[in-house]
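Under my numbering, the first residue of the sequence shown is numbered 11, with each subsequent residue one higher.
All C-beta atoms, glycine included, are put in the ideal place defined by N, C-alpha and C.
Structure first, commentary second.
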Amino acid sequence: MTIKLAILGAGEIAEKHLNSLNEISDFKVNYICDIDLFKANKLARKCSESVAIDNIDIILNNKEVDIIDICMPPYLHFSTALKFLESGKHVICEKPISTSVEEAQELVEYSKKSKKNLYPVFQYRYGKNIKTLKYLINKNITGTPIAASSEVHWNRTKEYYDVSWRGTWEGEGGGVILSHAIHSHDLLSFIFGDIKSVSANLATLVNNIETEDSASITMTTESKALISSSITLGAANNTSRLKFIFSNITAESGDNPYAPGEGKWTFTSRDPVKQNELNEIINLYQKKITPDQDGFRSFFEEIANHLNGKKFNIIEAWEGLKSIELAAAIYYSSMSETKVFLPLDRSNLVYKDWRPK
């Protein structure tokens, strides 16, 4: 069936979503909605079937729209997602799905109860090399996880924060932890397994903003593997790097800032005698993968497969919740100067609101 979709928001992320949706015949983008009608019209011109509007209620009351795609500022994610789930529509939501663990839990529980799907956006998972590494794990080739590292070293200047909601606790809900490194942190747990504990140091060192723009974090996983994460918005350029060390192989990314799963990765066997065999396995697998530069097309294709009853590889709603809970643990660790264990206790005040009082 054709899936009728509306995009809420008409900024840069919405444009990336639309570019991918235009390549997938399963979707028909009926509406582009933004309070700035000029922006909505500009984006709608990229899709001949789309109508630009500035009133969200038109979509809310349109029974023909099957699913909405939230590309709005973070402070609007929870209320908008809940409103549309309650109206009987499926929801795609850009990160973060909310700025509170309690709210994220509410979305997941309502999605399950109403049988309307909530799809968190973690397009990095569909990168060629992430898929390859997951394949090697599933084939028992990598061995056990030992240590991993993530670097998100980007350059964000004062001009970036000229947008009123950015850099504020009220508008963005957080800084680099919630808005910039959330994708890389998702990959760390996706590859190495659930995070068990967090020790974090956060600071505002680059721009005159409320939220953090730099961080140094150590984590342990359920399997006792060790992880380090280094984040800053004060770098000279934009680079992201990932390194995963297993007992049998080491996988290391390039420095693509916004699609770390793409580009040239190195997969090195700890036993040099097995390197050629490893190379051959990887080459054969990667020949089967359709190129996807930023992962968005694959993300939307899997949603279409899911809704149309085909074999699918979607990101579940609870995985979006897990990313919010990790963010809360990081904030709590930094504020309390303690190691924090996951899952969080629901009685902990940070479960409801991690913003400084």
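Given residue i as reference, the closest of the options once Cα atoms are compared
{"i": "I68", "options": "A54, P83, N51 and N40", "result": "N40"}
{"i": "D204", "options": "F306, E329, Y129 and L18", "result": "E329"}
{"i": "I292", "options": "N71, I151 and S108", "result": "I151"}
{"i": "F200", "options": "Y134, R365 and T221", "result": "Y134"}
{"i": "G21", "options": "K49, I156 and L31", "result": "K49"}
{"i": "E1", "options": "S279, T12 and I334", "result": "Outside the displayed range of the chain (11 to 367) lies residue 1, so it cannot be described from this structure."}
{"i": "T214", "options": "D196, L243 and P83", "result": "L243"}
{"i": "N315", "options": "A54, C43, D36 and I23", "result": "D36"}
{"i": "K298", "options": "A54, I227 and K141", "result": "K141"}
{"i": "S239", "options": "S174, Q296 and A157", "result": "A157"}
{"i": "E347", "options": "N211, N51 and G183", "result": "N211"}
{"i": "T221", "options": "E182, V208 and I324", "result": "E182"}
{"i": "A269", "options": "D304, E287 and N258", "result": "D304"}
{"i": "T167", "options": "A245, L352 and L86", "result": "A245"}
Cβ shell of residue i (< 7 Å), same chain only, five flanking positions each side left out
{"i": "G98", "result": "K126"}
{"i": "E311", "result": "I34"}
{"i": "L143", "result": "I201, F254 and A261"}
{"i": "F306", "result": "K26, H27, S30 and Q133"}
Continuous alpha helix (DSSP H) stretch holding residue i: start and end
{"i": "Y295", "result": "Q285 to Q296"}
{"i": "G330", "result": "A327 to S346"}
{"i": "I219", "result": "Neither: I219 is in no alpha helix (DSSP H) and is coded neither H nor E."}
{"i": "E25", "result": "E22 to L31"}
{"i": "I313", "result": "F306 to L317"}
Cutoff 8 Å; reference residue i; Cβ partners in own chain excluding five residues on either side
{"i": "T231", "result": "P155, S199, F202, G203, D204, I205, K206 and I237"}
{"i": "N289", "result": "F277"}
Any non-hydrogen atom of the ligand NAP closer than 7 Å to residue i Cβ
{"i": "K122", "result": "Here there are no bound small molecules, and the ligand NAP is not part of this structure."}
Boundaries of the beta strand (DSSP E) in which residue i is found, first to last residue
{"i": "F277", "result": "T276 to S279"}
{"i": "K206", "result": "I205 to A213"}
{"i": "K14", "result": "I13 to L18"}
{"i": "I259", "result": "I259 to E262"}
Own chain residues within Cβ distance below 6 Å of residue i, not counting five before or after
{"i": "K14", "result": "K38, N40, E74, V75 and D76"}
{"i": "N139", "result": "G271 and W275"}
{"i": "S196", "result": "The sequence shown places Asp at residue 196, rather than the Ser named in the question. Closer than 6 Å at Cβ, skipping near neighbours: F132 and S333."}
{"i": "F94", "result": "I78 and V101"}
{"i": "N51", "result": "A62"}
{"i": "N258", "result": "T152, G153 and R280"}
Fill in: Continuous alpha helix (DSSP H) assignments of at least 4 residues falling wholly in the region 166–203
Segments of the alpha helix (DSSP H) lying fully in the region 166–203: 179–182, 186–189 and 192–202.
Worksheet item: Which residue spans inside the region 43–98 form an unbroken alpha helix (DSSP H) run of at least 4?
Response: 47–54, 66–70 and 87–96, all fully within the region 43–98.
Worksheet entry | Sequence ranges, beta strand (DSSP E) only - wholly within the region 221–246, length at least 3 | Positions of the beta strand (DSSP E) runs, each at least 3 residues long and wholly inside the region 221–246, are given as 224–231 and 236–242 in order along the chain.
Fill in: Secondary structure, beta strand (DSSP E): runs of 3+ residues fully inside the region 101–142
Along the length of the region 101–142, whole beta strand (DSSP E) runs at least 3 residues long occupy 128–130, reported in chain order.
Worksheet item: Between the region 174–182 and the region 248–261, do three or more beta carbon pairs fall short of 8 Å?
Response: no
Item to complete: Kindly confirm or deny that the region 78–85 and the region 95–111 touch, where touching means at least three C-beta pairs closer than 8 Å.
Response: yes
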